[in-house]
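Residue numbers (the working numbering): 11 to 141.
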């Protein structure tokens, strides 16, 4: 059995992180509200199993079916299957955090390369062979 892995592509760098599940966290650059998305690496796909947002404002309202649990609105986004998740990273906001097996670190700690737009995908996805 081949272990699941998440591929992080930043520019020409490809970093593989052994993971079957992971959480992506980020803070809205203006409202400073925490968002989280939970993913499962499923073959050549990333499956978005759920999401949470800690508040609302500036065009970021929780969807109508969201349920408030503690301090966050929990919901299941309608688009759940992704070949790739693209992240627009810049020095003007906080970096995304990647959590794998309870180990949460800034994305730059997982992929120590210059800050640039980043793509996440399953390592088994077409075009994502190990380098």
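We put the beta carbon where it would ideally sit given N, CA and C, even for glycine.
6 Å CB neighbourhood of residue i in its chain, flanking five on each side removed
i: residue 128; result: 20, 97 and 99
i: residue 14; result: 30 and 51
i: residue 63; result: 45, 72 and 83
i: residue 139; result: With a pLDDT of only 48 at residue 139, under the threshold of 50, the placement of this residue in the model should not be trusted, and no figure is reported.
i: residue 104; result: 37
i: residue 114; result: 107
Contact under 8 Å by Cβ, residue i with residue j
i: residue 133; j: residue 32; result: no
i: residue 59; j: residue 48; result: yes
i: residue 107; j: residue 116; result: yes
i: residue 130; j: residue 44; result: no
i: residue 28; j: residue 61; result: no
i: residue 93; j: residue 55; result: yes
i: residue 149; j: residue 23; result: Outside the displayed span of the chain (11 to 141) sits residue 149, for which this structure offers no information.
For residue j and residue i, the rounded distance between their alpha carbons
i: residue 80; j: residue 119; result: 29 Å
i: residue 75; j: residue 85; result: 7 Å
i: residue 57; j: residue 77; result: 20 Å
i: residue 123; j: residue 50; result: 25 Å
i: residue 71; j: residue 18; result: 29 Å
i: residue 42; j: residue 34; result: 16 Å
i: residue 53; j: residue 26; result: 15 Å
Residue span of the alpha helix (DSSP H) that contains residue i, given as start and end
i: residue 117; result: 117-120
Terminal residues of the beta strand (DSSP E) in which residue i lies
i: residue 51; result: 44-52
i: residue 28; result: 23-28
i: residue 109; result: 107-110
i: residue 34; result: 31-37
i: residue 20; result: 15-20
i: residue 100; result: Where residue 100 is concerned, there is no enclosing beta strand (DSSP E), given that its DSSP letter is neither H nor E.
Own chain partners of residue i with C-beta closer than 8 Å, once the 5 adjacent residues on each side are dropped
i: residue 90; result: 57, 58 and 59
Whole runs of the alpha helix (DSSP H) within the region 64-95, excluding any shorter than 4 residues: none
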